[in-house]
Amino acid sequence: MEADSTNVLLPANRAMAYLKLQRYKEAEEDCSKAIALDGTYSKAFARRGTARAALGLLKQAKEDFEEVLKLEPGNKQAFYEMKKIAIVRMWFHAHYGFCVNVLTPVVFVDKSLT
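Heads up: the sequence shown begins at 362 in our numbering, then just goes up one per residue.
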């Protein structure tokens with residue numbers, strides 16, 4: 362990326378590689394760099410939304426997918442991802458009486474194994 366710090370494709374494409382490696386924080390950071398270079402590059406918003414959803418940052422992920430839909434009103438992936446976020450939030454509301462904006466991964470340890 363040092364070769365061309367103004368090329369939006371470099372951080373956006375590296376973010377895609379990070380997504381495939383499940384390195385979501387790095388993907389989010391690279392997408393933010395790409396968006397800073399070009400605030401109309403919808404793929405960077407979509408990838409950042411995917412990374413943020415994987416990190417449990419539902420409110421921020423939803424905002425990214427909303428931005429994708431502003432830039433590309435017919436984007437089916439963004440619409441589908443927004444529906445998934447809405448379903449998760451509705452499930453939490455139905456089961457716990459509140460909506461969540463952040464999901465924290467929870468690890469359950471079977472004490473009988475320790």
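We treat Cβ as the ideally placed atom computed from N, Cα and C, and that holds for glycine.
State whether the stretch 410 to 428 contacts the stretch 382 to 389, with contact taken as three or more CB pairs (one from each stretch) at a distance under 8 Å.
yes
Is the beta carbon of residue 375 closer than 8 Å to that of residue 399?
no
Alpha carbon to alpha carbon, how far is residue 447 from residue 435?
18 Å
Whole angstroms is fine: what's the gap from residue 379's alpha carbon to residue 452's?
29 Å
Alpha carbons only, please: which of 365, 368 and 405 is nearest the one belonging to residue 377?
405
What separation, rounded to the nearest whole angstrom, lies between the Cα atoms of residue 430 and residue 372?
21 Å
Buried or exposed: which applies to residue 426, given that a residue is buried once 16 or more other Cβ atoms fall within 10 Å of its Cβ?
buried
Using three-state DSSP, classify residue 434 as helix, strand or coil.
coil
I'd like the list of long-range same chain contacts for residue 369, defined as Cβ closer than 6 Å, with 5 residues on each side in sequence excluded.
395, 398, 399 and 402
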